[in-house]
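Numbering of the sequence shown is given in the UniProt record's numbering, commencing with residue 1 and proceeding in unit increments.
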Amino acid sequence: MKNRTIEDLSKENKHLVAQVADLKQNLDRIRIKYKVDSADLREMSNSIKTSPPRASLKKKKSSKDPVQPLNPLLNPDDDEQVEFEDCDAGIDSDEGPSKRFEEGSCQ
């Protein structure tokens with residue numbers, strides 16, 4: 001352990017006191033900033049709760065444009081009738097399935 005004089009200890013003490021004062025100032029700045037920030041947040045929150053919603057954010061559903069299903073077969077209100085070819089018709093026949101596909105049906 002090193003022998004320190006009263007002057008050395010006094011200088012070190014002054015230095016530590018200055019550091020503590022700086023830390024206290026930084027802490028006060030942080031506290032003030034936090035209080036301002038939290039007050040701003042509270043004000044913003046209250047203004048959001050009390051202000052009416054913007055019209056541009058609302059989406060109104062239009063009865064004129066109903067949502068169309070991606071698959072037209074799923075639309076029960078469609079007037080168009082969908083016809084299917086009977087691809088199983090010739091399975092038991094003599095021509096067989098390969099003959100039917102060569103002719104162009106059920107491709």
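All C-beta atoms, glycine included, are put in the ideal place defined by N, C-alpha and C. Keep in mind it's a predicted model, so treat the numbers as computed, not measured.
Linking GLN19 to THR50 through their CA atoms gives a straight-line distance of about 46 Å.
The beta carbon of ASP22 is closer than 8 Å to none in its chain, skipping five residues each way along the sequence.
Distance between ALA39 and LYS2, taken at the CA atoms: about 52 Å. Cβ neighbours of LYS14 within its own chain (closer than 8 Å, five residues either side excluded): none.
LEU16 and MET44 have their alpha carbons spaced roughly 42 Å apart.
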